[in-house]
Structure formats: structure tokens, C-alpha cells
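Data block below; observations after.
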Amino acid sequence: MNAPEPGTPTAGEGSGYDETPSRPAWLTVILVVCVVVFAAGFAHLFRDTAQEIIDWYAGTTDPTAAAKSLRWITLFVLVTAATFAAAWMGRWVERYFATRTGVEAVAASARGEGRSISLRATWIRSAATWIASAGLVSIGRESAIIETGGAIGAAVGKKSRGRGDALATAGIAAAFAAAYHAPIAGAIYVEEHLGVHRSRRALIFAGTGAIGGHFASIWLFHGHEIFPPVEGSRWRMLLLGLIIVVPAALAARTFLELRVRVKALSIAQRLGMPWWAVVGPFAVIAGAAVATFPLAAGNGMEALRHVPLGVTVTTGLALCLGKLVGTVASIGAGAPGGVLTPTISIASGAALLTVMAAEQIGVMDVDAWSAVVMAMTVGVAVGMRSPIGAMFLLPEMLGDYTLVPYAACIVAVAYVLDRMVDRAAVTLGERLPTGVHDEDA
């Protein structure tokens, strides 16, 4: 959910978003409905089929429970192999379809750059992410869902005598809303990456996609809230947020810096080595991280759902350290996948370690789940550089919009801290981790 760099994703007068296709308006309405329903359905199909495979070989659909049930060496080999296979598929797409996948390709098409999303390449990248998900790799699955929603929209638009850019925004918004149970955050995501507010037509398509995807998920595919509700005092939750905001923000920022900078392909090119010679060790590290910390398996949501049931230091270390190492290694290897859920997991792990330390020294009795909800909000604001999206995403994932004001308060503090880090980085001559990346979902 990165905010775009100046001059990147924009929509405006004369853009591809505003180019009206030569088809009847009623046909456009039907196409929007079809794209939205498909995107929402694909979100559920992607998750459910990966879980069925996990259930087949581990006897449970929960990646963390599956990881715990396997022997260390079995888990290590499984995750290493899945990471390498996904990275190989991602490398193939990058070699033959460079710049033709992902949300940024939609923005480029709308700018008239002659680039368009390749549906074939998107299917291959999605298959790679699916293999990683079914193989318990520490990586997010939602990027594949969102990319596919956009690619389907673009393909349908072109087949029906249009540019496909506006329909792609509907597919992206619908996929995000269905994947995260978050229609408002879905619309914000599209705005941050594509700047749709500059085009009335794109804004309508994106808003329709977000709302339609959300309700299609609920009514047609039995979608529901992702996380359990927060219980107890909201003011106490906010106090916990102020206690954990610094470690959560630092953890999220550290992950952001590493996942943007640590790339196996860049290292291989710098050293003059074949790509597989560097990807291999990255895959081994990814496998070792999950084998050592089974709670780091999967995208992170399942591990976070366990927090209300009780936490230990091992839980905090797995979410913070295990998830950080495992996801940096898998993304760095080139495995296509998302980073939003790993980001909130890493921030949550840092928060859990902090509140457990505070409780141990007698500062206060803590509600771990309330602290984690605040930490997840900080993670999105800092690690995804999306403060506006953070205000709504976690309340929507919990199905409780009354949390928005409290999320806004903690986001404001996290935003200030993050900009302080930016200033320090600029002073030291470091490059800021801005721009749009394929894994930003």
C-alpha cells in the first residue's frame, strides 16, 4: 500500500481511465459485475485450494498447525523447495514478461506507455504464489489475488473493445476487499497506487469494485471478519498502543528496508554469479526460518488468530524474528508474494515482546490482543507507508468501525516517528524506500 512516487501512477484528463470504449453502457455494467464477482471468487478459491493441499499432507488447514506437525527436516525441505520453485517461476516471468504484471502495469497502461498486463504471466505468478502458500512459505498470498483481479479486468476490457484500465481498477479493488474483508481500505489501496481520484470514471469503477467485491465475498462465498473482536476498554487499548508504537514501528520499518533492498538477483548480478547460485541460499534461509519457527509459516493471519488464546516469548520471536527472516528471504529470492500480512505479523511480534516484558517487570497487566491490534495498525502505516489505509484496514478486518478513531490516534504517532526516520535517512544520504512494488499487498 505504498504511496506512489511523484510522476508514477496517475489518472487524469486523457488517461486510459477516461477513454470511453465503443460498447453500450449496459454491457459495461454487466462486465463490471462479472469482473467483481470473479475477483472475489478467485480470492476465496485461491485460499481454499491451498488450504486443501495443506490438509491433504498435514491433516489441518492451518499452516502454523501443519508446520508444527511436521518433522524439522521435512518442513525445512518442503519450504526450501517451494521457495525455490516459486522463485524460478517468478524469474521466468520477469525474463519474458518484464513490466507486464502487477498493479504498476495498470498505471503504466493508463499513462499511455504501451504496457499492459499479461494475463498469461499473471497466471504463472499467481501459480508461483499458490505453490509457496501450499508449501508453508512465510509469504503473503494476497498480492497474487489482487494482481489476478486486475489482470482479469484488463483482459475483459480489451476483449470488449476498450482499454481495460478502468475495469482493471474494479478488479483490483474487488480482490483487495474480498481478500481482507475491507471495502474502504480496498478503495484507498487503489487510490494510493493508481491515483484514481483524478479520473471520475476510474473512481466510480474502483468504488464499485471495492463495495461489490466486499458484498460478493459475504453473500456468495461466505466471507466474514478475519480477526476476533477486541474486548475491554478502548482507552486501555490506546494506552497499550502508545507503549508498543515505537518497537512496532521500528520492526515494520526494518522489514520494509530489507524487503526493498535485499534481492538475490541484484546480488547475483553484482557478483557475476548465475541467479540460482544466490537464490538457492535464500531459499535455504527461508526454509530454516520456518522450520525453526513454525508459527512463521504461511501469511501470518493464522498465527495472529492464536494470540487471544495465549502467547509466550516463543510466539513473539516467531512473529517478529522468524517472520522477518523467512519473508525477507522468500521475497528476496524472487518468489512472488505479498508483504502486508507479514508486515503486520512482524510489528505484532515486536509489540508482544514489549508488553510481555512490561508485564514481567510489573508495569501493568496487559491484554495481548489489544496490543496486537494496535501494532498491526502501526505495521500498515509504517511498513506499507499507508497511514490512511491503516486507519480503516484493521477495523474492517475485525468488523468494527468504532475502532477507527483509536486507530487514527496511533497512526498519527507512528506517522511522525516514521517521518523522523526518513529525515535521519536523508541526512545520512540513504535512499528512501518509496515507490510501488509488486509485493505491496
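Using this note's numbering, the first residue of the sequence shown is number 55, and each one after it goes up by one.
All C-beta atoms in this analysis are idealised placements derived from N, C-alpha and C, irrespective of residue type, glycine included.
Item: Count the CB pairs spanning the stretch 282-298 and the stretch 113-121 that are closer than 8 angstroms, and state whether there are at least three.; Value: no
Item: Assess, as a yes-or-no matter, whether the stretch 244-258 is touched by the stretch 119-135 under the definition of 3 or more beta carbon pairs within less than 8 angstroms.; Value: no
Item: For the stretch 382-389 and the stretch 422-435, state whether three or more C-beta atom pairs, one from each stretch, are separated by less than 8 angstroms.; Value: no
Item: Could you tell me which of Ala162, Val409 and Tyr460 sits nearest to Gly249, measuring between CA atoms?; Value: Ala162
Item: If you follow the alpha helix (DSSP H) that Thr114 is in, where does it begin and where does it stop?; Value: Neither: Thr114 is in no alpha helix (DSSP H) and is coded neither H nor E.
Item: Is Gly194 helix, strand or coil when you go by DSSP?; Value: strand
Item: The alpha helix (DSSP H) that contains Pro335, what's its start and end?; Value: Trp329 to Thr346
Item: Can you tell me whether DSSP reads Gly240 as helix, strand or coil?; Value: helix
Item: Since Ala322 and Val338 are thought to touch, with beta carbons under 8 angstroms apart, how far apart are those beta carbons, to the nearest angstrom?; Value: Their Cβ separation, rounded to whole angstroms, is 15 angstroms, which puts Ala322 and Val338 out of contact at 8 angstroms.
Item: Might you give, ordered along the chain, the residues of its own chain that have their beta carbon closer than 7 angstroms to the beta carbon of Val379, omitting 5 neighbours on each side?; Value: Ile339 and Ala343
Item: From Gly66 to Val86, what does the alpha carbon distance come to, in whole angstroms?; Value: For Gly66, the predicted structure reports a pLDDT of 46, less than 50, and the residue's modelled location is therefore unreliable. A value from the coordinates is still provided. Straight-line Cα distance between these residues: approximately 21 angstroms.
Item: Could you tell me whether the Cβ atoms of Thr155 and Glu201 are closer together than 8 angstroms?; Value: yes
Item: Among the residues of its own chain, which have a CB less than 8 angstroms from the CB of Arg145, if the five just before and after it don't count?; Value: Leu319, Trp329, Val333 and Gly388
Item: Note down, in chain order, each residue of its chain lying with its Cβ closer than 6 angstroms to the Cβ of Pro63, except the 5 sequence neighbours on either side.; Value: Caution is warranted here: a pLDDT of 43 is assigned to Pro63, below 50, making its placement in the model unreliable, and no coordinate value can be reported.
Item: Following the continuous alpha helix (DSSP H) through Asp219, name the residue where it begins and the one where it ends.; Value: Asp219 to Tyr234
Item: Any chance the stretch 303-311 sits against the stretch 443-453, with 3 or more Cβ pairs inside 8 angstroms?; Value: no
Item: Have a look at Ile265, Cys88 and Ala208 and flag the residue whose alpha-carbon is nearest the alpha-carbon of Ala231.; Value: Ile265
Item: Classify Met355 as buried or exposed, calling it buried when 16 or more other Cβ atoms lie within 10 Å of its own Cβ.; Value: buried
Item: Below 8 angstroms, how does it come out for the stretch 277-295 and the stretch 355-364: are there three or more Cβ pairs, yes or no?; Value: yes
Item: Skipping 5 residues on each side, what residues in its chain have a beta carbon closer than 6 angstroms to that of Ala233?; Value: Ala97, Glu196 and Ile199
Item: Roughly how many angstroms lie between the CA atoms of Gly352 and Ser123, to the nearest whole one?; Value: 14 angstroms
Item: Less than 6 angstroms between C-beta atoms, sequence neighbours within five positions excluded: which residues of the same chain meet that for Ser187?; Value: Ala104 and Arg195
Item: Using a threshold of 8 angstroms, state whether the C-beta atoms of Glu450 and Ala239 are closer than that.; Value: yes
Item: Drop a sphere of 10 angstroms on the beta-carbon of Lys212, count the other beta-carbons inside from all chains shown, and report buried for 16 or more, exposed for fewer.; Value: buried
Item: From His491 to Gly416, what distance separates their C-alpha atoms?; Value: 43 angstroms
Item: Say yes only if the C-beta of Arg324 is nearer than 7 angstroms to one or more non-hydrogen atoms of the ligand ZN, and no if none qualify.; Value: You won't find the ligand ZN in this model; it holds no ligand whatsoever.
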